[in-house]
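**Student:** So the protein sequences, as listed, match chains W and C.
Residues in the first sequence are numbered from 24 upward in steps of one, following our numbering.
Residues in the second sequence are numbered from 779 upward in steps of one, following our numbering.
Yeah, the Cβ is synthetic: ideal placement off N, Cα and C, and Gly gets one too.
I'd like to ask some things about the structure below.
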Amino acid sequence: MEEAADAGPQNFDYDEVKNLIEQAIEPVLGKNVYQPKKVQDWNSAIVESVLKSLQAANKPFKYVVTCIIMQKNGAGLHTASTCYWDTKTDGSCSVRWDNATMNAIVTVFALHI
Amino acid sequence: STQSTWGFSVVPSFPPIDRFTKNMASSESITKTAQENAEEKYQIKPSYKNTFKPRAVQQIVKQVVDEYLQQKQYDPNETSNWTKEIAQLIKSKIKELKYARYKFLVQVVIGEAKGAGVRIGCRCLWDSQTDKVAEYTLQNDSLWCCAMAFGIY
Chain W
24 MEEAADAGPQ NFDYDEVKNL IEQAIEPVLG KNVYQPKKVQ DWNSAIVESV
74 LKSLQAANKP FKYVVTCIIM QKNGAGLHTA STCYWDTKTD GSCSVRWDNA
124 TMNAIVTVFA LHI
Chain C
779 STQSTWGFSV VPSFPPIDRF TKNMASSESI TKTAQENAEE KYQIKPSYKN
829 TFKPRAVQQI VKQVVDEYLQ QKQYDPNETS NWTKEIAQLI KSKIKELKYA
879 RYKFLVQVVI GEAKGAGVRI GCRCLWDSQT DKVAEYTLQN DSLWCCAMAF
929 GIY
């Protein structure tokens, strides 16, 4: 199968995006302790960093990135997502990360233009 | 001194007339008439009537979430099913609105209300004129629920 340079049909690359997300979360949250004042900044920092690296990959996709940061309290959390898209070209990737005091879930949805 | 005049005019972008390809056997099939070119349309944005309306969709999301979680208490076993079902319900209701060529994403998060701090954030790389989000958050004594519906052209 031929691969066009940047334009043309490309499929969503799960592994690449997963690595990208993991590399974005680690420097921001690392070993930090949950602090309500800082969590907003962490959230923005993770999401922006993921979005920047996705954009740098220069693929013909639109992206939606969501990040949930939650304090570890013994409380339960459930998340589900459903999508109406083109299953051949679009995809999503969800990464769960945690440290001693908090959980983080980052989801990237990529939709082909 | 000689007077020279020059003009600049915008030429409509039709493909070159086939003076160069006249000798090729397939010349007839390559060229199109000017008429046909004028009629070809490439739609890159929906008309205003057909854009994703966040308010209308938010009403739907609110209605589905309120109805579903009306009197429910947080249950560690059942809640994961609830999230999936709410997401499916929202998606099918948005599909009924029949937005042409739109793709939909729905994400539902339900958490137990135990005093834990939570922050949910979202950023998107899209065309802000055509792509929108509708979100709704519900809280009761035992749980909270955040549902987000995205419409992308």
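Roughly how many angstroms separate the alpha carbons of residue 804/C and residue 820/C, rounded to a whole number?
**Tutor:** The pLDDT assigned to residue 804/C is 47, lower than 50, so where the model puts this residue is not dependable; a value taken from the coordinates is nonetheless given after this. Approximately 26 Å, taken between the alpha carbons.
**Student:** Is it buried or exposed for residue 60/W, if we count other Cβ within 10 angstroms and need 16 for buried?
**Tutor:** The residue in question, residue 60/W, is exposed, as its Cβ has fewer than 16 Cβ neighbours within 10 Å.
**Student:** Please classify residue 134/W: is it buried, with 16 or more other beta-carbons within 10 angstroms of its beta-carbon, or exposed?
**Tutor:** By the neighbour-count criterion, in which 16 or more other beta carbons inside 10 Å mark a residue as buried, residue 134/W falls on the buried side.
**Student:** Check each candidate in 70/W, 38/W, 89/W and name the one with the smallest Cα separation from residue 885/C.
**Tutor:** 89/W
**Student:** Looking only at its own chain, which residues have a Cβ that is under 6 Å from the Cβ of residue 98/W, when we skip the five neighbours before and after it?
**Tutor:** Cβ neighbours of residue 98/W within its own chain (closer than 6 Å, five residues either side excluded): none.
**Student:** Would you mind giving the Cβ-Cβ distance between residue 862/C and residue 103/W, rounded to the nearest angstrom? I have them listed as a contact below 8 Å.
**Tutor:** 5 Å
**Student:** Given that a residue counts as buried once 16 or more other Cβ atoms are within 10 Å of its Cβ, and exposed if not, what is residue 822/C?
**Tutor:** Flag for residue 822/C reads exposed.
**Student:** Note down, in chain order, all residues in the region 66-82 of chain W with a beta-carbon under 9 Å from any beta-carbon belonging to chain C.
**Tutor:** 66, 67, 69, 70, 71, 73, 74, 77, 78
**Student:** Counting only beta-carbon separations shorter than 8 Å, does residue 47/W have a partner in chain C?
**Tutor:** no
**Student:** Whose CA, out of 33/W, 41/W, 35/W, lies closest to the CA of residue 117/W?
**Tutor:** Cα-wise, what sits closest to residue 117/W is 41/W.
**Student:** Near residue 922/C, what residues of its chain come up, given a Cβ to Cβ distance below 6 Å and the 5 sequence neighbours on each side ignored?
**Tutor:** 889, 891
**Student:** Please name the residues in the region 898-918 of chain C whose beta-carbon is closer than 9 Å to at least one beta-carbon of chain W, in chain order.
**Tutor:** Those residues of the region 898-918 of chain C that come within reach of chain W (Cβ to Cβ, closer than 9 Å) are 898, 899, 900, 901, 902, 903, 904, 905, 909, 911.
**Student:** Have a look at 854/C, 925/C, 865/C, 930/C and flag the residue whose alpha-carbon is nearest the alpha-carbon of residue 908/C.
**Tutor:** 930/C
**Student:** Within 8 Å (strictly less), CB to CB, does residue 829/C reach chain W?
**Tutor:** Cβ-Cβ to chain W under 8 Å: no for residue 829/C.
**Student:** Which residues in the same chain have their Cβ closer than 7 Å to the Cβ of residue 774/C, if we skip the five residues on either side of it in sequence?
**Tutor:** Absent from the structure is residue 774/C, since the part of chain C shown begins at 779 and ends at 931.
**Student:** So the beta strand (DSSP E) residue 898/C belongs to, where does it begin and stop?
**Tutor:** 896-903
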